[in-house]
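Inspection log for the structure reproduced underneath, given as structure tokens.
2 protein chains.
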Amino acid sequence: MKPGETQLTVARDGRLTPEMEAVARDEGLAPDRLGEAMAAGRVVIPKNRIRPDVRPLGIGSGLRVKVNANIGTSPDDSGPDNELLKLAACHEAGADTVMDLSTGGDLQAIRRAILARTDLPLGTVPIYQAAVEAVGTRGGIIHLSVDGLFEAIAAQAAEGVDFMTVHCGLTRAAIDRLRSQGRVGGIVSRGGAFLATWMIYHDQENPLYEHYDRLLNIAREYDVTLSLGDGLRPGSLADATDRAQVEELIALGELARRAKEAGVQVMIEGPGHVPLDQVETNIKLMKSLCEGAPFYVLGPLVTDIAAGYDHIACAIGGALAGMHGADFLCYVTPAEHLKLPSVEEVREGVIAARIAAHAADLARRRPQSWARDRAMSEARQKTDWEGMFQHCLDPIRARALRESSRPSAEDVCTMCGEFCAVKLVREFLTKC
Amino acid sequence: MKPGETQLTVARDGRLTPEMEAVARDEGLAPDRLGEAMAAGRVVIPKNRIRPDVRPLGIGSGLRVKVNANIGTSPDDSGPDNELLKLAACHEAGADTVMDLSTGGDLQAIRRAILARTDLPLGTVPIYQAAVEAVGTRGGIIHLSVDGLFEAIAAQAAEGVDFMTVHCGLTRAAIDRLRSQGRVGGIVSRGGAFLATWMIYHDQENPLYEHYDRLLNIAREYDVTLSLGDGLRPGSLADATDRAQVEELIALGELARRAKEAGVQVMIEGPGHVPLDQVETNIKLMKSLCEGAPFYVLGPLVTDIAAGYDHIACAIGGALAGMHGADFLCYVTPAEHLKLPSVEEVREGVIAARIAAHAADLARRRPQSWARDRAMSEARQKTDWEGMFQHCLDPIRARALRESSRPSAEDVCTMCGEFCAVKLVREFLTKC
Numbered sequence: 030m031k032p033g034e035t036q037l038t039v040a041r042d043g044r045l046t047p048e049m050e051a052v053a054r055d056e057g058l059a060p061d062r063l064g065e066a067m068a069a070g071r072v073v074i075p076k077n078r079i080r081p082d083v084r085p086l087g088i089g090s091g092l093r094v095k096v097n098a099n100i101g102t103s104p105d106d107s108g109p110d111n112e113l114l115k116l117a118a119c120h121e122a123g124a125d126t127v128m129d130l131s132t133g134g135d136l137q138a139i140r141r142a143i144l145a146r147t148d149l150p151l152g153t154v155p156i157y158q159a160a161v162e163a164v165g166t167r168g169g170i171i172h173l174s175v176d177g178l179f180e181a182i183a184a185q186a187a188e189g190v191d192f193m194t195v196h197c198g199l200t201r202a203a204i205d206r207l208r209s210q211g212r213v214g215g216i217v218s219r220g221g222a223f224l225a226t227w228m229i230y231h232d233q234e235n236p237l238y239e240h241y242d243r244l245l246n247i248a249r250e251y252d253v254t255l256s257l258g259d260g261l262r263p264g265s266l267a268d269a270t271d272r273a274q275v276e277e278l279i280a281l282g283e284l285a286r287r288a289k290e291a292g293v294q295v296m297i298e299g300p301g302h303v304p305l306d307q308v309e310t311n312i313k314l315m316k317s318l319c320e321g322a323p324f325y326v327l328g329p330l331v332t333d334i335a336a337g338y339d340h341i342a343c344a345i346g347g348a349l350a351g352m353h354g355a356d357f358l359c360y361v362t363p364a365e366h367l368k369l370p371s372v373e374e375v376r377e378g379v380i381a382a383r384i385a386a387h388a389a390d391l392a393r394r395r396p397q398s399w400a401r402d403r404a405m406s407e408a409r410q411k412t413d414w415e416g417m418f419q420h421c422l423d424p425i426r427a428r429a430l431r432e433s434s435r436p437s438a439e440d441v442c443t444m445c446g447e448f449c450a451v452k453l454v455r456e457f458l459t460k461c
Numbered sequence: 030m031k032p033g034e035t036q037l038t039v040a041r042d043g044r045l046t047p048e049m050e051a052v053a054r055d056e057g058l059a060p061d062r063l064g065e066a067m068a069a070g071r072v073v074i075p076k077n078r079i080r081p082d083v084r085p086l087g088i089g090s091g092l093r094v095k096v097n098a099n100i101g102t103s104p105d106d107s108g109p110d111n112e113l114l115k116l117a118a119c120h121e122a123g124a125d126t127v128m129d130l131s132t133g134g135d136l137q138a139i140r141r142a143i144l145a146r147t148d149l150p151l152g153t154v155p156i157y158q159a160a161v162e163a164v165g166t167r168g169g170i171i172h173l174s175v176d177g178l179f180e181a182i183a184a185q186a187a188e189g190v191d192f193m194t195v196h197c198g199l200t201r202a203a204i205d206r207l208r209s210q211g212r213v214g215g216i217v218s219r220g221g222a223f224l225a226t227w228m229i230y231h232d233q234e235n236p237l238y239e240h241y242d243r244l245l246n247i248a249r250e251y252d253v254t255l256s257l258g259d260g261l262r263p264g265s266l267a268d269a270t271d272r273a274q275v276e277e278l279i280a281l282g283e284l285a286r287r288a289k290e291a292g293v294q295v296m297i298e299g300p301g302h303v304p305l306d307q308v309e310t311n312i313k314l315m316k317s318l319c320e321g322a323p324f325y326v327l328g329p330l331v332t333d334i335a336a337g338y339d340h341i342a343c344a345i346g347g348a349l350a351g352m353h354g355a356d357f358l359c360y361v362t363p364a365e366h367l368k369l370p371s372v373e374e375v376r377e378g379v380i381a382a383r384i385a386a387h388a389a390d391l392a393r394r395r396p397q398s399w400a401r402d403r404a405m406s407e408a409r410q411k412t413d414w415e416g417m418f419q420h421c422l423d424p425i426r427a428r429a430l431r432e433s434s435r436p437s438a439e440d441v442c443t444m445c446g447e448f449c450a451v452k453l454v455r456e457f458l459t460k461c
């Protein structure tokens, strides 16, 4: 691509990039159809123009539902080595993208170490770096400077970050809605809390909203995909789909159109804590207000009380969201709400989100997904254990579980032993 | 209750049993409304008349979604002690009912030991005992005798079993449908496989169908709730909602009406492996064909390829099923399809199913369920860790996770440390 071009502008010119061709192949789509979806802003390929080795990945309508895994340090747990082990776990467990949400230690060094070791699209939330610097050098979030924020964004774009969460829709109007709404859970987005604190203290508009064109210029230069964050996403079921959330979503829809007009790839982030009966509404509302932009959901968690098992609450919400049109699921680990996840919890979170994404792909009748489940079922009918391990989502765990409890006969398992229904039917019923 | 009466006949007479009053209290329902639902067959209270100490539990429309946990030995893993540890895990993790599916060791001794140690309603699948005896003493399932089957049913009823799975709808007509359908996964129900094998070998009708009145007489005598099993439930997504499954379901609807007419409490078992986009259809079809009888789902598993994590695939399907009207969720453990579950896997399975049931209760707008999530969110806003542990589903695991990674400040966790959004908003934003 020439300077100034992005995947979006090329698609709009009716041309195909090598990345579009790779994504079309990977998804089993006609390249022209993918190009049309990209030109309309229904699909993004998050890839910084200066990163040569990133795996081309499409996110959006008509494509396989993708999974993101968050890693990164915190002030209380800032060792970079552990984050690289988590990165390896993300790869091994099959995450499609990774976000580095570090807020502890040397943020730039950690980010660069991650960039050097992954070919997955990498996302960040640049306001974290600006906030950590404001607290570290000037004593508080309120000392965050507008220039400091944009410098962090520009620096991370120049390092090769592929997509960035920017909470541009958290406007003063949205904060007014929040106040008049009254919430049980307030603000639970870190970026949202940083911005709201700053905005209220200084009595000023959100700089990411006010200076949105400055953001678009950086994003276009590097073809960074903007992930418009939902700073007011509900953090309690009681707050789901409230006026504050929808006010922000309307603003995100306007900003998404401006991004597309500027040739910048854009997706929209969504809730959060949402009861199961409101998941469909949230997806359809977003797709309508944001004119079909790819939807990246942070959950949704379908209950507040699953601490220790929030990956399961998230899998339930994510699967249903995916069935109704969400394109990209952010994982949640069993440690959510309790602590920074361990390497094993990262792995567990990725697999749970992949189950949700796959269940959604099946519900959306994606032929390649159905072929895999069919192959698994055929292996089961033959009690072909190696075939089952090959087709299942996590062969390592499936094999370990079977090995931990060996049956007396090779062709059954210890659940039913000789009373295996599959074996009985195969050996007897089919011969009659 | 007098001899010959059941919870159903009493309700139909417009009277209330102590069990109905207890269930109404527990559910926050007017006793008369519960009585009406019971009289109509939309709610059951599975309690054998001779078991004095069983916890009164309602299952059906308008009630909290309930969770069953299967325990029991297999020929390859027949130690009874382990099953009693699993029973304790079911209690501790909050299962509403337990089924003993033992097929290995001294079945009667195991069942009696379980009955002696639990006040939860206990379910069984009596054909397992008859089949194990036929194999053990006569060399094969085909030697199962009709009298032996009914003797097993009568003996278990006389021991105090509260509900029984009986695959009465697996008729010759249903097997014909199965043959003409052609399936990827064949028959995966153990009871279904036993019966089909016997029926085809002997060229005879299903004895549980042919002699259904004999079954009803035993059930009425002890007020055993019949759980009409789905011997042809799909064991592969490719087979979901096929003609064989629906043929059997139609028969179950007819049999359910006959049970109710005979004063016998009855519920219906359902799939199985079902893609997410067919879950709602399955629930609505069952509720229509079976005239509102309580629906007990075995899953549904929304993908075939989650071996090692089938409790998550089940939680996704169970939550959606519950939202659309399923009343009773059978858990699945991480060991499903691989081996008999361990004690820890039983615990994990119960919690996953409880998350699904609770998500469904929230979607169905049950006020008591919403109050709990709200209390949890309020504790979160105060970073009141003891409050969070109190309101969450599994305080033991939540506390252990937090203890494993202590933050530097008591009021945050190691995920965000000092950059905790909740803390920031509470300490700063709310004061502006």
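Residue numbers (this note's numbering), protein chains in the order written: chain A, 30 to 461; chain B, 30 to 461.
Here a beta-carbon is modelled for each residue, glycine too, at the ideal position from N, C-alpha and C.
Keep in mind it's a predicted model, so treat the numbers as computed, not measured.
Give the straight-line distance between the Cα atoms of residue i and residue j, rounded to the nearest whole angstrom.
i                : j                : result
Val321 (chain B) : Ile204 (chain A) : The sequence given here has Gly at residue 321 (chain B), not Val. Rounded to whole angstroms, Gly321 (chain B) to Ile204 (chain A) spans 47 Å at the Cα level.
Ser434 (chain A) : Val154 (chain B) : 24 Å
Glu374 (chain A) : Leu349 (chain B) : 25 Å
Val295 (chain A) : Arg93 (chain A)  : 18 Å
Asp259 (chain B) : Pro370 (chain A) : 41 Å
Leu327 (chain B) : Asp339 (chain B) : 12 Å
Cys319 (chain B) : Asp191 (chain B) : 21 Å
Lys452 (chain B) : Ala273 (chain A) : 20 Å
By the criterion of Cβ-Cβ separation under 8 Å, what are the contact partners of residue i in chain A?
i                : result
Glu407 (chain B) : Val213
Ala159 (chain B) : Simply none; closest approach about 12 Å.
Shortest alpha-carbon distance to residue i belongs to which of the options?
i                : options                                   : result
Lys316 (chain B) : B:Glu34, B:Ile279 and B:Glu290            : B:Ile279
Leu430 (chain A) : B:Pro363, B:Met444, B:Gly354 and B:Thr126 : B:Pro363
Met352 (chain A) : A:Gly43, A:Gly91 and A:Gly64              : A:Gly91
Glu56 (chain A)  : A:Arg376, A:Ile88 and A:Thr46             : A:Ile88
Ala388 (chain B) : B:Arg409, B:Val52, B:Asp402 and B:Asp252  : B:Asp402
Ala186 (chain B) : B:Tyr360, B:Leu151 and B:Gly346           : B:Leu151
Arg78 (chain B)  : B:Gly33, B:Ile380 and B:Ala438            : B:Gly33
Thr35 (chain B)  : B:Ala53, B:Ile74, B:Arg141 and B:Ala51    : B:Ile74
Val372 (chain B) : B:His302, B:His420 and B:Gly108           : B:Gly108
Val96 (chain A)  : A:Ile334, A:Val175, A:Gly378 and A:Leu130 : A:Gly378
Ser437 (chain B) : A:His420, A:Ala222, A:Lys368 and A:Gly337 : A:Lys368
At what residues does the beta strand (DSSP E) containing residue i begin and finish?
i                : result
Asn77 (chain A)  : First-last for Asn77 (chain A): undefined, no H or E at that position.
Phe192 (chain B) : Phe192 to Val195
Leu257 (chain A) : Thr254 to Leu257
Gly416 (chain A) : Note, Gly416 (chain A): premise wrong, no beta strand (DSSP E); alpha helix (DSSP H) at Trp414 to His420.
Thr126 (chain B) : Thr126 to Asp129
Ala66 (chain B)  : That residue, Ala66 (chain B), is in no beta strand (DSSP E); its alpha helix (DSSP H) goes Pro60 to Ala68.
Ile100 (chain B) : Lys95 to Ile100
Gly152 (chain A) : Leu151 to Thr153
How would you list, in chain order, the residues of chain B whose beta-carbon sits under 7 Å from the beta-carbon of residue i?
i                : result
Glu447 (chain A) : Pro104
His420 (chain A) : Ile334
For residue i, go through chain A and note every residue whose CB falls closer than 7 Å to its CB, in chain order.
i                : result
Ala248 (chain B) : By Cβ distance, chain A contributes nothing, its closest Cβ being about 25 Å from Ala248 (chain B), past 7 Å.
Tyr251 (chain B) : Residues of chain A passing the Cβ test: none, with the nearest at roughly 26 Å.
Arg140 (chain B) : Under the 7 Å cutoff, chain A gives no residues; its nearest Cβ is about 17 Å from Arg140 (chain B).
Met352 (chain B) : Leu305 and Asp306
Ser90 (chain B)  : By Cβ distance, chain A contributes nothing, its closest Cβ being about 17 Å from Ser90 (chain B), past 7 Å.
The alpha helix (DSSP H) spanning residue i covers which residue range?
i                : result
Leu45 (chain A)  : That residue, Leu45 (chain A), is in no alpha helix (DSSP H); it is neither H nor E in DSSP.
Lys115 (chain A) : Pro109 to Ala122
Asp176 (chain B) : Val175 to Glu188
Glu276 (chain B) : Arg272 to Glu290
Taking Cβ-Cβ distances shorter than 9 Å, what residues in chain B pair up with residue i?
i                : result
Thr412 (chain A) : Going along chain B, no residue has its Cβ under 9 Å from Thr412 (chain A), so there is no contact; the nearest lies around 11 Å.
Val217 (chain A) : Arg409, Ala450, Val451 and Val454
Is there a C-beta anywhere in chain D that falls below 9 Å from the one on residue i?
i                : result
Lys368 (chain A) : Absent here is chain D; the protein component of the structure consists of chains A and B.
I'd like to confirm the pairing. Which residues does DSSP put opposite residue i in its beta bridges?
i                : result
Val441 (chain B) : Beta-bridge pairing links Val441 (chain B) to no other residue.
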